[in-house]
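The working numbering applies: residue 1 is where the sequence shown begins, and numbers increase by one. All residues carry an ideal CB built from backbone N, CA and C; glycine is no exception. Remember, predicted model here, so these are calculated numbers, not experimental data.
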Amino acid sequence: MTESELDNHARTIAIGDIHGCATELQTLLMQIRPQPEDTIIFLGDYIDRGPDSKTVVDTVMDLRKQCHVVPLVGNHEIMMLDAMQQPLMQSLWLQFGGQQTLDSYATDLGGIPDDHLEFLSSCVPFYETEDHLFVHANCLPTTPLEQQDPQILLWTHLTDLPPQPHVSGKRIIVGHTPQKNGKILDYGHLVCLDTFCFGNGILTAMDVHSNKIWQTDGRNA
Ligand SMILES: [Mn+2]
């Protein structure tokens, strides 16, 4: 158990897929009011599709001054980083919402600031606490997180691989499979917090110990 988990006041809060919705992220953080002892785990997919990926990345990076931030990597960050290395990947990424990301930076791929690239490259594939597993998309039930296939951690929707309880007995917190009705998907042993923010304006956070949920108000499509 870490020092922060011993502190009764410390919260462990997970936030679902943001996809460039900076206004919703800032509204959600105002509701949460992060405290220095809190841990906030982002489930990945900060960028693409929505209007302001640059400000989302700035906001998450700045939040590190206020509390303990654990940024997971999503498949969209991987697509962007791959596009930088492999020109053939660029058109794929641009089709998956990357163009909106470049528009928010008002540049091409070569013009993304180094500190943002360092941040996106530093995002981790999973996070594990005493009682929870956090991954972007999905995981296999009998495999420890450090041995999971990145394809499943990052890409596999819950609809393609219905979630089973993990052998560790820990509850799994994921994003990636959008819940278009704006409600969290709760299997008991697994909770999906991707409430389709870029489509409906509903961004979701959950305190995994109290199960308190914060959501932004949706917008009319
Ligand atoms: Mn995703």
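Hey, could you find the ends of the alpha helix (DSSP H) Thr-27 is sitting in? 22–32
So, with DSSP's three-state summary, where would you put Ser-4? The pLDDT assigned to Ser-4 is 49, lower than 50, so where the model puts this residue is not dependable; a value taken from the coordinates is nonetheless given after this. Three-state result, Ser-4: helix.
Taking the Cβ atom as the reference point for each residue, do Gly-20 and Gln-100 lie within a distance shorter than 8 Å? yes
Pocket of ligand 3 defined by Cβ to heavy atom distance under 5 Å: The ligand content of the structure shown is limited to ligand 1, which means ligand 3 is not among them.
Let me know if Lys-54 comes out buried or exposed under the rule of 16 or more other beta-carbons within 10 Å of its beta-carbon. buried
Measuring CB to CB, does Thr-159 end up less than 8 Å from Thr-177? yes
Starting from the Cα of Met-61, find the closest Cα among Ile-78, Ile-41, Tyr-127 and Ser-210 and give me that residue. Ile-41
Counting pairs of Cβ atoms below 8 Å between the segment 100–116 and the segment 133–148, do you hit three or more? no
Could you tell me which uninterrupted beta strand (DSSP E) segments, each at least 3 residues in length, are contained entirely in the segment 143–219, listed from first to last along the chain? 171–174, 190–192, 204–207 and 213–215
Check Glu-77 in the structure and name its three-state DSSP category. helix
From the DSSP output, in three-state form, read off Ala-83 for me. helix
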